[in-house]
Amino acid sequence: MSENLKLSEAAKLCGISARTLKLLIADGLLPQAIRTPQGHPLLPDDAIPTWQDCRQLIEQQRDRLLQRAAYLLNRVNVELEAISNDRRSARTPDAATRAGPAHIDQLLPLGPDHHFGSHAAT
Numbered sequence: 292m293s294e295n296l297k298l299s300e301a302a303k304l305c306g307i308s309a310r311t312l313k314l315l316i317a318d319g320l321l322p323q324a325i326r327t328p329q330g331h332p333l334l335p336d337d338a339i340p341t342w343q344d345c346r347q348l349i350e351q352q353r354d355r356l357l358q359r360a361a362y363l364l365n366r367v368n369v370e371l372e373a374i375s376n377d378r379r380s381a382r383t384p385d386a387a388t389r390a391g392p393a394h395i396d397q398l399l400p401l402g403p404d405h406h407f408g409s410h411a412a413t
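Everything in the sequence shown is counted per the numbering used here, starting at 292 for the first residue and increasing by one.
Laid out in structure tokens, this is it:
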């Protein structure tokens, strides 16, 4: 049966500072860690990480974070392009504006309005 060690004790065994172990636990990289009722982290003596373990865990975390950052950067670029397109189309006259007032009745959803204009006078 394994014994749970304080971080200072685990640090002496593996040569990794207690502060670094605490950061690894806080980042979720050492899921085998448990907490006391007071919230202090403990590591089972059979799960003390080596330098190589810590290096691999940190590299994996870095790779995940870089992938996430690349994904988010791509999303931001897509949104910026959409905003740029919206701004460009807002500045470009559309068909209704180019047609002028003579053709405006043809662009209305229900066709020409017969209640106004030359028909209203009759």
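Note that CB positions come from ideal geometry on N, CA and C, so glycine has one too.
Taken through DSSP and simplified to helix, strand or coil, I307 comes out as coil. The three-state reading of DSSP puts L334 in strand, counting E and B together. A Cβ-Cβ separation of about 11 angstroms leaves L333 out of contact with I339 under the 8 angstroms criterion.
L363: member of the alpha helix (DSSP H) spanning 342-382, first to last residue.
At least 8 angstroms separates the beta-carbon of Q351 from that of P335. Residue state for L315 is assigned as helix, using DSSP reduced to three classes.
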